[in-house]
Ligand code: SER
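Residue numbers (the numbering used here): 49 to 438.
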């Protein structure tokens with residue numbers, strides 16, 4: 049199935065069950081506590097908190113999201129990406145656990161044709177109700193796992209709505225590693241769908257629950273690319289991206305660096321389309337960092353000509369590339385020499401950053417690859433005293 053077919057299957061299914069389709073919000077979050085939209089439910093936050101009534105009790109959407117927390121995993125795992133599209137159904141003081149679960153199961157099996165015997169689920173460690181409901185839905189007990197707050201409690205990562213969640217996984221088989229379910233292997237058991245049972249007002253952390261929400265609500269998110277990957281039998285999520293063959297052809301490689309370039313270009317395009325320009329802080333710096341990382345990985349693959357701008361046909365990218373190429377080459381040389389000598393003084397890291405414009409994150413990344421660690425606290429101290437002087 050292609051993405052259009054997946055979307056329309058999802059919307060037909062939930063449309064038949066009374067859900068109103070709403071357009072996605074911009075990936076640039078209108079919520080000041082977030083840099084980027086990180087989930088389909090972001091735009092519905094006032095409805096969860098009871099600040100405004102939703103336009104309908106049942107909603108559905110397809111939302112482009114940006115999450116850069118896993119940036120170091122991109123390219124090395126098969127499943128991480130810095131941006132993705134999330135399909136979701138949402139309910140406000142309407143249906144709750146049973147319908148969310150039974151519909152997710154039905155759509156994955158009857159609608160998308162996944163083998164029910166390869167599905168696994170997890171529930172929040174203390175959520176006995178969800179455990180029993182999965183059993184009642186005929187799910188074998190040995191494919192239901194309980195996990196803790198890290199995995200099975202969801203919030204936006206900032207104060208607001210939150211709740212325990214239950215996730216559905218697909219077993220991709222032994223070529224993806226050892227058996228034992230999602231609690232032991234997240235590559236083999238690929239998380240497809242997260243069902244969040246929104247019930248809490250979350251404070252500054254997931255451990256700090258301030259009280260109950262005014263109603264019991266549902267927020268689900270199904271990763272479109274992950275589902276497409278499973279349906280196509282592919283391995284890496286970047287394989288679905290039309291940029292991949294171009295980058296492969298350009299570099300003659302299929303190493304993790306190729307997937308990093310593809311991932312970062314895809315997210316950069318999304319941000320550029322949303323009106324973000326490369327710059328030195330906030331959202332702009334995230335974009336700049338993605339482009340610089342993509343450049344570095346192209347250099348690693350031996351492509352030092354400025355090709356990023358051409359690859360994605362964007363003048364801002366070409367400009368960024370021209371401005372950074374010399375810095376990249378010079379900074380890498382200085383850093384390599386230091387690492388070859390066997391030490392990485394924090395003064396050098398600071399000088400690279402401040403005098404040569406070679407970002408500390410890039411130094412950290414290269415250092416890590418060679419088994420060194422940047423003294424980040426020392427760097428921050430130097431940075432603070434530099435700022436106070438100037
Ligand atoms: N908000 C949840 C998530 O992002 C489900 O949509 O996983």
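Just so it is clear, CB atoms sit at the ideal spot from N, CA and C, and this is done for glycine as well.
Remember, predicted model here, so these are calculated numbers, not experimental data.
Query, Result
"In three-state DSSP terms, what is residue 431?", "helix"
"Output the distance between the C-alpha atoms of residue 334 and residue 186, rounded to the nearest integer angstrom.", "45 Å"
"Secondary structure at residue 293, three-state DSSP: helix, strand or coil?", "helix"
"Please say whether residue 240 and residue 224 have beta carbons closer to each other than 8 Å?", "no"
"For residue 421, count neighbouring C-beta atoms within 10 Å of its own C-beta (all shown protein chains included) and say buried if the count is 16 or more, exposed if not.", "exposed"
"Roughly how many whole angstroms lie between the Cα atoms of residue 204 and residue 75?", "14 Å"
"For the alpha helix (DSSP H) holding residue 316, just list the boundary residues, first then last.", "304-321"
"Relative to ligand 1, is the shortest distance from any of its heavy atoms to the C-beta of residue 136 smaller than 7 Å?", "yes"
"Around the C-beta of residue 145, are 16 or more other C-beta atoms found within 10 angstroms, so that it is buried, or is it exposed?", "buried"
"Considering Cα atoms alone, identify which of 375, 292, 175 is closest to residue 195.", "175"
"What's the C-alpha gap between residue 236 and residue 166?", "11 Å"
"For residue 154 and residue 191, I'd like the C-alpha separation in whole angstroms.", "17 Å"
"Under 7 Å from any heavy atom of ligand 1, does the C-beta of residue 88 make it?", "yes"
"Across which residues does DSSP place residue 76 in a beta bridge pair?", "84"
"Considering only the alpha carbon of each residue, which of 318, 368, 369, 386 lies closest to residue 131?", "318"
"Roughly how many angstroms lie between the CA atoms of residue 373 and residue 313, to the nearest whole one?", "17 Å"
"Count the other CB atoms, across all protein chains shown, that sit within 10 Å of the CB of residue 99; report buried if there are 16 or more and exposed otherwise.", "exposed"
"Kindly indicate which three-state DSSP category residue 259 falls into: helix, strand or coil?", "strand"
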